[in-house]
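Input: a single structure, listed below in structure tokens.
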Amino acid sequence: MDELQTLWSNLKESVAIRSKRITEIEALGQFLLEASMIESWITLHSSLMSVDVHCNEDSGLRSILKTHQNLQEEIKAYQSQIETLEASAEDLAESDKASDDVVVRLFTIKKNYQQLLELVQKRHHRLMSLQQFFAFLSDVDTVVSLANDKIVILKSITLPNELNEAEIMMKRLEGIQADLDKNADRYHHVQEQSEELLESLEYNLDEIEAMRDNCNETWNGAHTILKEKVDCLHCKIGFLKLCFDIDSTTTWITVITARLRENVPATTDSDATLKLQSELNAVERDSAAAKERMTAILDNYNELPDLEEDDRCQLDEKLQNLQSQWDDLSDRIDRQCAIIGDCSDYQRLLIDIEDFLDWISKALQEIDHQSDHVPLKAADAEMAIKVHEDLQAEIESHVQLASDINEKSLPYLDDENEDQQLKTKLTELNHNWQEFLDLYEKHKKVLQERYEESIFYGN
56 MDELQTLWSN LKESVAIRSK RITEIEALGQ FLLEASMIES WITLHSSLMS VDVHCNEDSG
116 LRSILKTHQN LQEEIKAYQS QIETLEASAE DLAESDKASD DVVVRLFTIK KNYQQLLELV
176 QKRHHRLMSL QQFFAFLSDV DTVVSLANDK IVILKSITLP NELNEAEIMM KRLEGIQADL
236 DKNADRYHHV QEQSEELLES LEYNLDEIEA MRDNCNETWN GAHTILKEKV DCLHCKIGFL
296 KLCFDIDSTT TWITVITARL RENVPATTDS DATLKLQSEL NAVERDSAAA KERMTAILDN
356 YNELPDLEED DRCQLDEKLQ NLQSQWDDLS DRIDRQCAII GDCSDYQRLL IDIEDFLDWI
416 SKALQEIDHQ SDHVPLKAAD AEMAIKVHED LQAEIESHVQ LASDINEKSL PYLDDENEDQ
476 QLKTKLTELN HNWQEFLDLY EKHKKVLQER YEESIFYGN
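FYI, the numbering for the sequence shown is 56 to 514, going by this note's numbering.
Printed below as a string of structure tokens:
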């Protein structure tokens with residue numbers, strides 16, 4: 056009975072051990088099954104991540120990048136599956152846990168998963184490089200297209216011959232400069248991108264260098280042509296402005312010159328002479344301003360850069376015309392001054408004649424007064440003779456004045472330009488003067504006779 060009991064106990068123990076072992080084997084089998092599934096998954100995704108990326112356009116790259124990001128998230132999330140497998144390994148029997156199937160499989164899975172993560176990172180870096188490369192291509196294309204467009208526009212520009220058109224053209228060039236400046240950051244970014252790509256990529260290096268060099272050449276070419284056009288246009292504007300200043304100054308001097316009168320007779324009256332002087336003063340003020348403008352024009356002419364031969368000849372011709380107009384104005388001013396001087400001489404001559412006539416009139420009145428009061432006494436007669444002799448001194452001074460007046464009147468009494476007013480006044484003067492001299496001599500004789508009679512009767 057004891058033996059039977061022992062056998063039964065051993066049987067039950069064997070059954071329990073076998074049952075436990077079966078459970079452990081089932082757990083081990085489940086572990087190995089899950090490990091095989093994980094290994095297959097890692098192998099599959101490793102093969103996917105090992106495939107090289109081939110893409111010729113940015114839109115296709117965006118699709119690949121989106122797929123890669125989804126796979127990357129999936130692979131990173133798969134870490135939990137490996138952790139679960141490691142946890143299930145902890146529940147295995149000690150003998151199974153230490154077996155090569157479990158230890159090696161876990162090590163291999165973690166190693167392959169880590170390699171998969173590295174493949175993911177490498178592929179991500181490759182895709183980022185491609186994305187940067189396509190961005191580089193886009194920026195290069197934008198910069199080169201812009202520069203080429205500006206070069207075409209600049210080469211089509213011809214220098215205008217009108218000042219307003221030249222100023223409009225300068226605004227257009229300033230707009231082109233603004234467009235280039237606006238894209239300067241993109242151009243510099245292309246340089247930075249090319250350096251980064253040449254350091255990070257192992258392929259397309261020659262293409263990147265060629266595109267960068269072409270971009271630099273086109274960009275610098277656009278700036279070079281723009282600078283040449285701006286410099287030429289600045290020179291052209293300076294030339295056209297100088298032409299405008301010369302033409303306007305020439306016209307201004309012509310207008311000033313036209314305000315001066317030609318063929319003004321020297322016998323012009325005093326009011327007209329004053330008006331001529333006023334006009335001359337205004338012309339002299341304006342001519343001084345015109346002279347300052349001419350000086351500024353010559354300074355600008357000397358400061359002009361090298362001009363084309365035709366432009367230089369045109370400027371020289373305009374300057375010669377300007378100088379000719381100025382010389383004509385100067386001559387006209389001198390002639391007007393001479394005319395005003397002649398008019399003043401004429402007016403002074405008329406005034407001298409009037410003064411002479413007034414003096415004759417007063418002297419005649421004095422003689423008439425003395426004739427009305429004939430002295431009867433010798434003393435009175437002697438006094439009258441003395442007064443008459445004092446008048447003789449004035450007469451002698453007026454003899455020379457009469458001669459000077461007649462001499463100064465000769466230019467105004469020629470056959471071509473005989474002045475009737477002066478002729479009438481001069482005739483009146485000479486007649487009154489001769490009449491006065493005759494009367495003076497007659498009155499002198501009367502006084503002398505009266506004096507002698509008074510002496511005779513007194514004796």
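Every residue gets a Cβ at the ideal spot worked out from N, C-alpha and C, and that includes glycine.
Residues near residue i by beta carbon distance below 6 Å, same chain, minus five either side
i, result
"residue 431", "A caution first: residue 431 carries a pLDDT of 47, below 50, which makes its placement in the model unreliable, though a value can still be read off. There are no such residues."
"residue 320", "No answer about residue 320 holds up, because its pLDDT of 49 lies below 50 and its placement is not dependable."
"residue 360", "290"
"residue 480", "408"
"residue 167", "97"
"residue 348", "304"
"residue 379", "none"
Nearest-angstrom beta carbon gap, residue j and residue i [assumed within contact, 8 Å]
i, j, result
"residue 221", "residue 291", "6 Å"
"residue 44", "residue 408", "Since the first residue shown for the chain is 56 and the last is 514, residue 44 is missing from the structure and cannot be characterised."
"residue 100", "residue 130", "6 Å"
"residue 356", "residue 374", "7 Å"
"residue 231", "residue 205", "5 Å"
"residue 414", "residue 308", "Contact flag wrong, Cβ pair sits at about 49 Å."
"residue 184", "residue 256", "6 Å"
"residue 89", "residue 140", "6 Å"
"residue 477", "residue 405", "7 Å"
"residue 175", "residue 266", "30 Å between Cβ atoms; not a contact."
"residue 94", "residue 137", "11 Å between Cβ atoms; not a contact."
"residue 218", "residue 296", "6 Å"
"residue 87", "residue 155", "In fact, because the Cβ distance is near 12 Å, the residues do not count as touching under 8 Å."
"residue 314", "residue 338", "6 Å"
Backbone secondary structure at residue i - three-state DSSP
i, result
"residue 66", "helix"
"residue 466", "helix"
"residue 155", "helix"
"residue 203", "helix"
"residue 148", "coil"
"residue 409", "helix"
"residue 212", "coil"
"residue 322", "With a pLDDT of only 48 at residue 322, under the threshold of 50, the placement of this residue in the model should not be trusted; the figure read from the coordinates follows. Three-state result, residue 322: coil."
"residue 362", "coil"
"residue 256", "coil"
"residue 376", "helix"
"residue 217", "coil"
"residue 487", "helix"
"residue 238", "coil"
"residue 56", "coil"
"residue 514", "Any reading at residue 514 is ruled out, since the residue's pLDDT is 49, under 50, leaving its predicted position unreliable."
Continuous alpha helix (DSSP H) stretch holding residue i: start and end
i, result
"residue 135", "134-145"
"residue 314", "From DSSP, residue 314 is part of no alpha helix (DSSP H); its letter is neither H nor E."
7 Å Cβ shell around residue i - same chain, five flanking residues per side excluded
i, result
"residue 203", "273"
"residue 238", "198 and 201"
"residue 270", "195, 198, 199 and 245"
"residue 301", "352, 373, 374 and 377"
"residue 215", "221 and 224"
"residue 491", "415, 418 and 419"
"residue 403", "none"
"residue 122", "none"
Spatial neighbours of residue i in its chain, beta-carbon cut-off 8 Å, leaving aside the 5 residues before and after
i, result
"residue 411", "453, 456, 457, 460, 484 and 488"
"residue 369", "298"
"residue 248", "187, 190, 191 and 194"
"residue 264", "249 and 253"
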